[in-house]
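Engineer: The listed protein sequences correspond, in order, to chains Z and W.
At position 268 of the first sequence the residue is numbered 637 (the working numbering), and the sequence of numbers has no breaks.
At position 171 of the second sequence the residue is numbered 540 (the working numbering), and the sequence of numbers has no breaks.
Don't be surprised by glycine CBs; every beta carbon is placed ideally from N, CA and C.
Keep in mind that this is a model prediction, so the values were computed, not measured.
Once you've had a glance at the structure underneath, I'll fire off some questions.
There are 2 protein chains.
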Amino acid sequence: MRVLITGGAGFIGVRLARELLKTGRLNGQDITELHLADLYAPPVDLSSDARVRVHTGQLLGQTDLLASGFDGVFHLASAVSGECELDFDLGLRSNLDSTRAVLEGLRHSGKVARLVFASSVAVFGPDAANPLPDLVTDNTLASPQTSYGTHKLMSEYLIADYTRKGFIDGRSARLMTVAVRPGKPNGAASSFFSGIIREPLAGVDAICPVSPDVTHPVSSPANTVKGLLTVFEASREAMGGRLALNLPGLNVRVSDMLLALEEVAGPIVRQRVRFERDERVAAIVANWPRATSADRALALGLKPDASFKAIIEQYIQDCQQPTYPADALKGMNTTG
Amino acid sequence: MRVLITGGAGFIGVRLARELLKTGRLNGQDITELHLADLYAPPVDLSSDARVRVHTGQLLGQTDLLASGFDGVFHLASAVSGECELDFDLGLRSNLDSTRAVLEGLRHSGKVARLVFASSVAVFGPDAANPLPDLVTDNTLASPQTSYGTHKLMSEYLIADYTRKGFIDGRSARLMTVAVRPGKPNGAASSFFSGIIREPLAGVDAICPVSPDVTHPVSSPANTVKGLLTVFEASREAMGGRLALNLPGLNVRVSDMLLALEEVAGPIVRQRVRFERDERVAAIVANWPRATSADRALALGLKPDASFKAIIEQYIQDCQQPTYPADALKGMNTTG
C-alpha cells in the first residue's frame, strides 16, 4: 500500500515513519511506498530506505503528489500554536488551506484514502459564559481560544464532511501535549512541558513559564504514535459514528512532573528548573484543558502512559539512540 | 453608519434592508449608507432609496467593497442546503470561501465592523453514536450532516477567532427554518415547509415530501429579521461569552401546520396538500433537529412566534403588499 505522512520530517512524523518501516505493515497490508512530505528532508535513516519517497516544500504546492492516490494518509503537517498566534496568515495558510489542499487532492485522486488527521486538545477552551469543566471529555463543546485550535477544529469538521460524501475515509485524533520532545524549544506554547525535563537532563537551566500548580494532559511520543496507528486501523464502526476523538492523556501537575524528574535523575537535575512567569504563554495555557478523558480511544484499546516517571524513562531510553544528540543526557552525569 | 448586507437581494436580506431603511437607525446610530451585495439586483423600492448602494456579482469578487470599511455587516449570502449537497464545490466556494473573503476584507479595512453571520440550525445533526436529543439547545454538540451545515459551523468558529483577535466584532445567529417564504420553491431541502402553506393559498397543489409526524423549529420572516437585528445590537457582554446562538424557533409538527392552514383558510385550501415521500429530502430532514431551545436568545429578549396560525396570518398580511405576487392568495377565494 502507498502511505503518505505530511509533516513526515517532524518529530512525530519521523517516529511514525520509523515505526511503519519497522513493521512494514499497516492495517494488515504491506507498505510498498512511504511518502514523507515536509518543508525539510527527513533523517537519512528514513530517506535511505528503498520504500521511502521524500517530498520537500510547501504542502500547498504538492498538488500532483496529493492527487497521485494513496491508500493511507497521516496528515500531521501543521504550524504550531505559538506561531499561529503571532502570525494569523501563517496559521490560515499552514493549518486550514493546507488541510483543504490535502483533502481536495485525495478527493480527485480516484482512490478513497483512509486518513488520520492530527487534531489537538487545543480545540477545547473556555469562554466567558462557559468555563472549561475540570475534566474535558469527547463530548465537551469545543470552543477554541487560539487560531491553532480554531483551524484544527474546522479541519475536523471538513474531514467529517469529506468522509460523509465518500471522498475519503477520514478520522481526527486529538493529540495531547507530547512530552518529552527532543531538540530545541519550538514556537508551541506547550514547548516548556518538554523543556523543563529535556534541558535539565542535558545540563542546561530551564524556565517554567507557568505555575507549578498547572495540570495538563500529556502523552509520550511512543504512546502518541500508537494512538495515530490505532485510530488509522480502527474500523468505521469501531470509531462509533463520530470521527473525532481525544487521544488518551496522562493528566499531570507541573510540580509532579518535577518530582518525577528528581526521582529519575536526582535533585541537582531538578534544581535546574526555575519558575519565571511568561504572561503570554501563561494566558494561552490557562485556556487549555487541565485534564482530559478519552473514552472513545479507550474503547479502541488505547491507554494513557502509565506515569510521568515512565515518560521520562522513555525519553532517557530514546536518548541512547544514535539519532538523538550526543549531549542529551549530559546533565545526568553530575548526579552519577 | 455604513452598513452592508451580503445576500441583500435575497428574501431575508430584502426584508432586513426594508426594516433598516424604515427605522433609519441601527444600534443607536443613523444609517447613512446601506450597501446591498448579491448575485442579483434588489427590488426597485430598495435600489431607488438614496441611502442604498447596489453591488451585483459574486461576493468573492467584491474585494474592494469588503475592504472599504463598514460599521455594520449582516452576512447572509449563502448557497442553500440542497444545492450544496448536489454541488460540493459550489458549497465550499459560496459558503466557506465567501465568508473568508468577507472576514479578510473587513480585517484589512482599518475599521472593526460589527458583523452578524446567518448561521443555521443545520449545524446540528445526529451521528451513529449520538442521536440528536429531543430538544437541541445552545449547548448541544454540533455534528452537521450536510455540507451546508458543515460550512456554516466552520464559519461560526472562524468568526469567533477573527473576533477574538479584534479584527471584527462578530456573532453568529443560527436561523431556524424560515416560513412562510414567498415565491418559488428553492433548492433548500426545507423549501417544502413554506411550500405546503404558500402553494395551497395560491390555489396550487403542493407535495409534502416527509411524514405528517415530522416536527421542526420554524420562524416567521419578521421574527427572523428581528432576531438578526437584536443579535447585532446586543453588547458583547450580553452575548454571554460565546458568539454563536440559536435564534428562537416555534417547534411545530407538519400535521399541526396543516391544521393551522385549515383554520385560517378552510378545508379546500388544506386539501391541496398531498403527501408523497421524497427519500432524498426525507433523509436530509431526518438529520435535522426536531425541536430547539434558544435560552441565550431569550435572554436578549427574543421569543419564538406565538403560533403557526400567527405565522400564516403574517404571510397573508405580507401578501397584500405590492411587492408580493398578485395571485399569492388566489387559492383563498375558493373558500370565501
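Does Tyr526 (chain Z) get closer than 7 Å to chain W when you measure Cβ to Cβ?
Structural biologist: yes
Engineer: Looking at the structure shown, is Thr704 (chain W) part of a helix, part of a strand, or coil, going by DSSP?
Structural biologist: Low confidence applies here, because Thr704 (chain W) scores a pLDDT of 46, under 50, leaving its location unreliable and the question unanswered by this model.
Engineer: Would you mind giving the Cβ-Cβ distance between Val485 (chain Z) and Val600 (chain Z), rounded to the nearest angstrom? I have them listed as a contact below 8 Å.
Structural biologist: 5 Å
Engineer: So, using beta-carbon positions, are Leu389 (chain Z) and Ile381 (chain Z) closer together than 7 Å?
Structural biologist: no
Engineer: In chain order, what are the residue ranges of uninterrupted alpha helix (DSSP H) at least 4 long that sit wholly in the segment 483 to 554 of chain W?
Structural biologist: The segment 483 to 554 of chain W contains, as complete alpha helix (DSSP H) runs of 4+ residues, the segments 516 to 533 (chain order).
Engineer: Taking DSSP as the reference, what is the three-state secondary structure of Pro412 (chain Z)?
Structural biologist: coil
Engineer: Of the residues that make up the segment 494 to 512 of chain Z, which ones have a beta carbon closer than 7 Å to any beta carbon in chain W?
Structural biologist: If the cut-off is 7 Å between Cβ atoms, the segment 494 to 512 of chain Z has Asp496, Ala497, Ala498, Asn499, Asn508, Leu510, Ser512 near chain W.
Engineer: Opposite Glu402 (chain Z) in the DSSP bridges: which residues?
Structural biologist: The partner list for Glu402 (chain Z) (beta bridge, DSSP) reads Z:Arg371.
Engineer: Taking Cβ positions, are Thr546 (chain W) and Gly539 (chain W) nearer each other than 7 Å?
Structural biologist: no
Engineer: With a threshold of 16 other CB atoms inside 10 Å of the CB of Gly705 (chain Z), please say whether the residue is buried or exposed.
Structural biologist: Confidence at Gly705 (chain Z) is low in this model, with a pLDDT of 44, below 50, so its placement is unreliable and the value that follows should be read with caution. Per the 10 Å Cβ criterion, exposed.
Engineer: Considering only residues of the same chain and omitting the five flanking positions on each side of Pro319 (chain W), which have a CB-CB separation below 7 Å?
Structural biologist: Past the boundaries of the shown model lies residue 319 (chain W); chain W is included only from 370 to 705, so the question cannot be answered.
Engineer: In this structure, does DSSP put Ser588 (chain W) in helix, strand or coil?
Structural biologist: strand
Engineer: Among Z:Asp433, Z:Ala487, Z:Arg420, Z:Val549, which residue has its Cα nearest to the Cα of Gly596 (chain Z)?
Structural biologist: Looking only at Z:Asp433, Z:Ala487, Z:Arg420, Z:Val549, the smallest Cα-Cα distance to Gly596 (chain Z) is reached by Z:Ala487.
Engineer: In the DSSP assignment, find the alpha helix (DSSP H) that holds Leu465 (chain Z) and state where it starts and stops.
Structural biologist: Where Leu465 (chain Z) is concerned, there is no enclosing alpha helix (DSSP H), because DSSP gives it neither an H nor an E.
Engineer: Under 7 Å between the Cβ atoms of Asn592 (chain W) and Asp674 (chain W)?
Structural biologist: yes
Engineer: Kindly indicate if chain Z contains any beta-carbon less than 7 Å away from that of Ser541 (chain W).
Structural biologist: no
Engineer: Ala419 (chain W) by DSSP, collapsed to three states: which one?
Structural biologist: coil
Engineer: What do you get for Gln689 (chain W), buried or exposed, if any count of 16 or more other CB atoms within 10 angstroms of its CB means buried?
Structural biologist: exposed
Engineer: With a threshold of 8 Å, are at least 3 pairs of Cβ atoms found where one atom belongs to the segment 625 to 634 of chain W and the other to the segment 677 to 695 of chain W?
Structural biologist: yes
Engineer: Please compile the residues from chain Z whose C-beta is within a distance smaller than 7 Å of the C-beta of Phe457 (chain W).
Structural biologist: Lys534
Engineer: Is Thr432 (chain Z) close to chain W, meaning its C-beta is less than 7 Å from at least one C-beta of that chain?
Structural biologist: no
Engineer: For Arg384 (chain W) and Pro551 (chain W), I'd like the C-alpha separation in whole angstroms.
Structural biologist: 12 Å
Engineer: Does the separation of the CB atoms of Ile537 (chain Z) and Leu630 (chain Z) fall below 7 Å?
Structural biologist: Contact flag unset, no.
Engineer: For Phe443 (chain Z), which three-state DSSP category applies?
Structural biologist: strand
Engineer: For Asp708 (chain Z), would you say it is in contact with chain W, using Cβ-to-Cβ distances shorter than 7 Å as the test?
Structural biologist: In the structure as shown, chain Z begins at 370 and stops at 705. Residue 708 (chain Z) is therefore absent and cannot be evaluated.
Engineer: Determine the chain Z residues that contact Thr709 (chain W) at a beta-carbon separation under 9 Å, and present them in chain order.
Structural biologist: Outside the shown range of chain W, which is 370 to 705, sits residue 709 (chain W), and nothing can be said about it.
Engineer: Have a look at the DSSP bridge pairing and note the partners of Asp407 (chain Z).
Structural biologist: Z:Thr425
Engineer: Starting from Gly619 (chain W), follow the alpha helix (DSSP H) in both directions and report where the run begins and ends.
Structural biologist: Note that residue 619 (chain W) is Leu in the sequence shown here, rather than Gly. Looking at the DSSP string, Leu619 (chain W) is not in any alpha helix (DSSP H); the run it does join, the beta strand (DSSP E), is 619 to 622.
Engineer: Does the beta-carbon distance from His520 (chain Z) to Leu465 (chain Z) come in below 7 Å?
Structural biologist: yes
Engineer: From the DSSP output, in three-state form, read off Leu395 (chain W) for me.
Structural biologist: strand
Engineer: Quick one: list the residues of chain Z neighbouring Pro522 (chain W), beta-carbon separation under 8 Å, in chain order.
Structural biologist: A small correction: the amino acid at residue 522 (chain W) is Leu; Pro does not occupy that position in the sequence shown. In chain order: Tyr526.
Engineer: Looking only at its chain, what residues have a beta carbon closer than 8 Å to the beta carbon of Leu408 (chain W), apart from the 5 residues adjacent to it on each side?
Structural biologist: Ala378, Thr425, Gly426, Gln427
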